[in-house]
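Numbering (UniProt numbering), first residue to last: 1 to 323.
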Ligand SMILES: [Zn+2]
């Protein structure tokens, strides 16, 4: 690649960016790798509207494992899932109106015996057998009881024993520290209820923990934004995620989420990387790509709004010139 404009495009948007035109319509624009929303609740979302609004893949972080086990695996959007929330008796989200019983399981013992009723391993095995890519747990001390460290550790060990990472909803004082103590791999929301100190940020980065952003769901995102700023400045990896289904938002890329990430200092190629990261899949989706019509933004400040025009298209439909 030598065209100076193409180099500038990649400096702005990262290495997957290409000038292109759509074979069918002749529209000119920019191609990018396919985008994933890494935190959705599909039972509350119009799944089929997502590709027309830029979302090629989703990760469901709390739903009915039986529904997902039957769900087509190769559609667009591609669907990866956690299955049910694992929580403790009386714990979040067991009392929430949006959380029917089939989207949660109650862990009552740290047992690692296969099939033990309410045992950590039994419930992890159920999700793994339903095809889960990740195990989701609730650590919300702001509203109810949470796992003790022994039971939490048993869940993490059982999940890792099935080669599955563990993702936690952390909310309330000390919950990020508890998640780190137990070796939890990802946080479903960038920590939003307490500012993390330098030591905790360094531990999270050092552990390779990844955070799903979900900055735009908060009435006041200031704490979450400052935590993301510190985490990414120290080398931490953040993935774009909206918690779509929580609140009344269209099934689409969320420009407000992208603006909030930009505000947190996740800009330009780093912002695009939060969308194109294929987690939990090892490889990016290759059959489809992102197409954004029209001229590219003039600078990083314009990227979030510009991405509001993104659509998912078959990769073969995009023609790149002058490669
Ligand atoms: Zn959620």
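Even glycine gets a Cβ: it sits at the ideal position worked out from N, Cα and C. All of these numbers come straight from a predicted model, not from anything done at the bench.
Minimum Cβ-Cβ distance from residue i to chain C less than 8 Å
i: residue 100; result: Protein chain content of the structure displayed is limited to a single chain, and chain C is not contained in it.
Euclidean distance between Cα positions of residue i and residue j
i: residue 314; j: residue 41; result: 25 Å
i: residue 307; j: residue 176; result: 32 Å
i: residue 34; j: residue 261; result: 19 Å
i: residue 120; j: residue 127; result: 11 Å
i: residue 72; j: residue 64; result: 14 Å
i: residue 54; j: residue 109; result: 42 Å
i: residue 300; j: residue 50; result: 24 Å
i: residue 156; j: residue 312; result: 35 Å
i: residue 52; j: residue 46; result: 11 Å
i: residue 91; j: residue 102; result: 15 Å
i: residue 89; j: residue 123; result: 14 Å
i: residue 60; j: residue 20; result: 32 Å
i: residue 283; j: residue 253; result: 21 Å
i: residue 162; j: residue 111; result: 15 Å
i: residue 316; j: residue 213; result: 31 Å
i: residue 150; j: residue 269; result: 40 Å
i: residue 247; j: residue 4; result: 43 Å
i: residue 320; j: residue 18; result: 7 Å
i: residue 143; j: residue 290; result: 40 Å
i: residue 218; j: residue 200; result: 22 Å
i: residue 6; j: residue 165; result: 37 Å
i: residue 26; j: residue 12; result: 24 Å
i: residue 8; j: residue 296; result: 10 Å
i: residue 303; j: residue 264; result: 14 Å
i: residue 99; j: residue 209; result: 27 Å
i: residue 249; j: residue 44; result: 10 Å
i: residue 287; j: residue 77; result: 11 Å
i: residue 159; j: residue 10; result: 38 Å
Nearest-angstrom beta carbon gap, residue j and residue i [assumed within contact, 8 Å]
i: residue 83; j: residue 132; result: 5 Å
i: residue 202; j: residue 182; result: Between residue 182 and residue 202 the Cβ distance is about 18 Å, and since that is not below 8 Å, they are no contact.
i: residue 276; j: residue 16; result: 6 Å
i: residue 138; j: residue 189; result: That belief does not hold up - the Cβ atoms of residue 138 and residue 189 are roughly 11 Å apart, past 8 Å.
i: residue 173; j: residue 198; result: 17 Å between Cβ atoms; not a contact.
i: residue 257; j: residue 216; result: 4 Å
i: residue 180; j: residue 207; result: 6 Å
i: residue 196; j: residue 227; result: 5 Å
i: residue 146; j: residue 140; result: 7 Å
i: residue 130; j: residue 285; result: The pair is not a contact, with the Cβ atoms about 22 Å apart (cut-off 8 Å).
i: residue 14; j: residue 223; result: Their Cβ separation, rounded to whole angstroms, is 28 Å, which puts residue 14 and residue 223 out of contact at 8 Å.
i: residue 118; j: residue 85; result: Residue 118 to residue 85, Cβ: 15 Å. No contact.
i: residue 38; j: residue 236; result: Not confirmed; about 15 Å, so no contact.
i: residue 104; j: residue 93; result: 7 Å
In DSSP terms, what residue i is bridged to
i: residue 82; result: In DSSP, residue 82 forms no bridge with anything.
i: residue 104; result: 85
i: residue 59; result: 80
i: residue 211; result: 187 and 238
i: residue 149; result: Partner(s): none; residue 149 has no beta bridge.
i: residue 314; result: 288
i: residue 111; result: Residue 111 is not bridged to any residue.
i: residue 303; result: DSSP, once it has assigned bridges, lists no residue as partnering residue 303.
i: residue 319; result: 21
Ligand 2 heavy atom lying under 7 Å from the CB of residue i
i: residue 64; result: The ligand content of the structure shown is limited to ligand 1, which means ligand 2 is not among them.
Please list the segments of the beta strand (DSSP E) lying wholly inside the segment 227-267, counting only runs of 3 or more residues, in order along the chain. 237-239
Continuous beta strand (DSSP E) assignments of at least 3 residues falling wholly in the segment 153-204: 166-171
Beta strand (DSSP E) segments (min. 3 residues) lying fully within the segment 270-294: 288-293
List, from N- to C-terminal side, the beta strand (DSSP E) runs of 3 residues or more that fit wholly inside the segment 5-45. 18-22, 28-32 and 36-40
Note down, one range per segment and in chain order, each alpha helix (DSSP H) of at least 4 residues found wholly within the segment 118-146. 120-129
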